[in-house]
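Quick notes on the structure that follows.
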Amino acid sequence: MARAVGRPPSRSPLMQPFHRMALVGLLALTSVLRAVPPAAEIKKVFDALDTSHNGAVGLAEWEQASFTLFKAADANHDNFLTRDEIAPGAMSAETFLTADTDQNNKLSIGEYMNLRRAIFRAADINRDDYLVLYEYEIFHLLAQYGWHDRNHNGRLDPSELKAALTRAFEQLDTDHDKILSPAEGDFLSTEHRAEMEKAGAGKVTVDAFIAGYMHLLTG
Numbered sequence: 155m156a157r158a159v160g161r162p163p164s165r166s167p168l169m170q171p172f173h174r175m176a177l178v179g180l181l182a183l184t185s186v187l188r189a190v191p192p193a194a195e196i197k198k199v200f201d202a203l204d205t206s207h208n209g210a211v212g213l214a215e216w217e218q219a220s221f222t223l224f225k226a227a228d229a230n231h232d233n234f235l236t237r238d239e240i241a242p243g244a245m246s247a248e249t250f251l252t253a254d255t256d257q258n259n260k261l262s263i264g265e266y267m268n269l270r271r272a273i274f275r276a277a278d279i280n281r282d283d284y285l286v287l288y289e290y291e292i293f294h295l296l297a298q299y300g301w302h303d304r305n306h307n308g309r310l311d312p313s314e315l316k317a318a319l320t321r322a323f324e325q326l327d328t329d330h331d332k333i334l335s336p337a338e339g340d341f342l343s344t345e346h347r348a349e350m351e352k353a354g355a356g357k358v359t360v361d362a363f364i365a366g367y368m369h370l371l372t373g
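To convert, count from 1 in the sequence shown and add 154; that's our numbering.
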C-alpha cells in the first residue's frame, strides 16, 4: 500500500534539463493545452500562485501549488499519476516518459515534483529564485511555441530567449504585417504592452517585443 502523502516531498536534485516538453508540462493537469491564455486569465492564475501577495511566486509557493495539482489529478489516491489520470493534452507523452525516471509507467510525487522544480528553474529567467508576471507570461509563450536549450543547462540564456521570442512573434503575427495588434497580443498585460510600444514608437514590432521583455527582465 502506498504511503500517505500530506505535503510536498523535500527538495531533491533536479532531473536532467528540460526544455520545451517541460514547459508544456507546467500547464495545469486538469486543463487541456490550448492557445496562449488572455492577459486576464494569466494574471488570475498568477495571483492564485502568489499566496504571499507580494507580486512574485517563490519556490515554496510553486511547490505547494504543484502538490495541490498532483493530489487533484490523483483520482484513485494512490500517490501516483498514470497516463489515464492526466487530462488529454495536458502533458505530452514525451514529457511523461522523461519525468518517469524509473520507467514504471506512472509518476510518483517525487518524479512529478522534480519535473515541476525543473520547470520553475527554466521559467525563472532572471535567476532570482522568483517568478514575476512577465516571466509567467513568457512561460506561456514558450509552452506554446517552444524554445531551444542550446547549451543544455536547463535555463533560458539571453540569446535563446531572443530566438524563442522571435519565433513566438512570427506565430502570433497572424496577418503577417510585422506588428503585434492588441488582438494578436491579447496575452500581454496593459503595462507590458506599454513597455513594448515605448520601445517601438507606439507599435509592437518584433524588435520592440523583444526589447520590451528584455527591459522588464533587466530593469
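Glycine included, C-beta positions come from ideal geometry on N, C-alpha and C.
Spatial neighbours of Y367 in its own chain (CB-CB distance under 7 Å, excluding positions within 5 residues in sequence) are listed in chain order as Y288, I292, L319. E349 and Y290 have their C-alpha atoms roughly 16 Å apart. Burial check for D204: the Cβ neighbour count within 10 Å reaches 16 or more, so the residue is buried. Closest in alpha carbon position to L296, among N280, D283, A276, is A276. Comparing C-alpha distances from V360 to each of A194, N280, E345, E338 shows the shortest one belongs to E338. Apart from sequence neighbours up to five positions away, the residues of its chain that approach E324 with a beta-carbon distance below 8 Å are V360, ordered along the chain. Here the alpha carbons of S335 and A353 stand approximately 15 Å from one another. Counted as a single uninterrupted DSSP element, the alpha helix (DSSP H) harbouring D201 occupies residues 193 to 203. DSSP, reduced to helix, strand and coil, places G366 within a helical segment of the structure shown.
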